[in-house]
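Quick note: numbering that gives the first Met the number 0 has the sequence shown finishing at residue 208, numbered continuously throughout.
All C-beta atoms in this analysis are idealised placements derived from N, C-alpha and C, irrespective of residue type, glycine included.
Worksheet: the structure to be examined is printed underneath.
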Amino acid sequence: MGLRRLALFASGGGSNFEAILRGWQEGIHPLEPVALVADRRAPVLDKARDAGIEARFFGKSCWSQEAPGAPELLHWLQELHVDAVALAGFLRKVPPLLVEAYRGRMVNIHPALLPSFGGAGMYGHFVHEAVWKAGCRVSGATVHLVDEVYDRGPILLQEAVALQAEDGPEAIAARVLEAEHRVYSQALALLAGGVIIQEGRVIPCPESR
Ligand code: GAR
Numbered sequence: 000m001g002l003r004r005l006a007l008f009a010s011g012g013g014s015n016f017e018a019i020l021r022g023w024q025e026g027i028h029p030l031e032p033v034a035l036v037a038d039r040r041a042p043v044l045d046k047a048r049d050a051g052i053e054a055r056f057f058g059k060s061c062w063s064q065e066a067p068g069a070p071e072l073l074h075w076l077q078e079l080h081v082d083a084v085a086l087a088g089f090l091r092k093v094p095p096l097l098v099e100a101y102r103g104r105m106v107n108i109h110p111a112l113l114p115s116f117g118g119a120g121m122y123g124h125f126v127h128e129a130v131w132k133a134g135c136r137v138s139g140a141t142v143h144l145v146d147e148v149y150d151r152g153p154i155l156l157q158e159a160v161a162l163q164a165e166d167g168p169e170a171i172a173a174r175v176l177e178a179e180h181r182v183y184s185q186a187l188a189l190l191a192g193g194v195i196i197q198e199g200r201v202i203p204c205p206e207s208r
């Protein structure tokens with residue numbers, strides 16, 4: 000059975016959400032955005048509703064250690080027949096119940112070239128400040144499958160971005176965000192085509208090549 004229906008989880012402005020929606024409309028990937036989950040009352044909720052996508056806020060009970068609200072969230076995704084999940088600027092840890100339910104079908108975007116500059120506390124501007132402090136001349140965007148550990152799952156696709164010596168954290172963030180918007184739809188096309196994991200590496204299914 001192919002993957003067709005996509006839920007997006009987001010925490011903020013939602014530019015990756017918009018890029019993924021555009022990617023579907025332009026036929027870059029086949030995963031139709033049908034649900035948006037936000038962990039805060041963020042602008043992305045209205046953007047989704049304006050696009051005719053079911054959008055719901057799920058509060059702390061879904062993201063705390065025990066996550067007592069996770070079954071309700073999973074039930075909502077199942078009711079909407081969601082096949083795959085894309086974390087698009089989502090800043091919470093996904094509860095194990097959901098990771099398990101969507102294993103191999105849940106992806107995240109990270110604004111650096113993993114495995115560098117990832118892990119707990121490494122999100123948004125913290126990532127770009129660390130890249131800048133390290134004096135990197137290259138950064139980029141990584142789309143990876145989600146497992147139980149922050150930013151650790153197998154890498155699906157990356158796009159590297161050359162940095163200029165005079166780039167500060169904000170300039171780095173802007174360059175990387177452009178790459179994120181390109182690479183996310185390409186990664187979803189790859190996922191929808193079918194992938195297998197061998198020794199922690201993502202390989203396209205032979206029949207999808
Ligand atoms: C993006 O740069 C995304 O990679 C980052 O938050 C930003 C959200 O922007 N995510 C993380 O740092 C997760 N570790 P957006 O709301 O405009 O898509």
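Item                                                                                                               : Value
Outcome for residue 150 when other beta-carbon atoms lying within 10 angstroms are tallied against a minimum of 16 : buried
CA nearest to the CA of residue 133, picked from 164, 195 and 47                                                   : 164
Coarse secondary structure for residue 180, derived from DSSP in three states                                      : helix
Opposing strand residues paired with residue 171 [DSSP bridges]                                                    : Paired residue(s): none; residue 171 is not in a bridge.
Expected contact under 8 angstroms - CB spacing of residue 32 and residue 52 to nearest Å                          : 5 angstroms
With 16 other Cβ atoms within 10 Å as the buried cut-off, status of residue 19                                     : buried
Cβ shell of residue 10 (< 8 angstroms), same chain only, five flanking positions each side left out                : 37, 38, 39, 41, 43, 88, 89, 90 and 91
Residues bridged to residue 286 [DSSP beta-bridge criterion]                                                       : Missing from the structure shown is residue 286; the chain here goes from 0 to 208 and no further.
Three or more C-beta pairs below 8 angstroms linking the stretch 113-120 and the stretch 161-181                   : no
Enclosing beta strand (DSSP E) for residue 154 [first to last residue]                                             : 154-161
Residue 75 versus 34, 96, 108 and 131, residue with shortest Cα-Cα distance                                        : 34
Pairwise C-alpha distance: residue 185 and residue 25                                                              : 12 angstroms
Check whether residue 140 and residue 158 have beta carbons under 7 angstroms apart                                : yes
Pairwise C-alpha distance: residue 66 and residue 188                                                              : 31 angstroms
Rounded distance between the beta-carbons of residue 154 and residue 113, thought under 8 angstroms                : 6 angstroms
Rounded distance between the beta-carbons of residue 182 and residue 156, thought under 8 angstroms                : 6 angstroms
Assigned secondary structure, residue 34 (DSSP; H/G/I helix, E/B strand, else coil)                                : strand
Where residue 69 falls: helix, strand or coil (DSSP)                                                               : helix
Spatially closest choice to residue 63 from 84, 23, 175 and 96, by CA coordinates                                  : 96
Residue 111 Cβ short of 6 angstroms to the ligand GAR heavy atom set                                               : no
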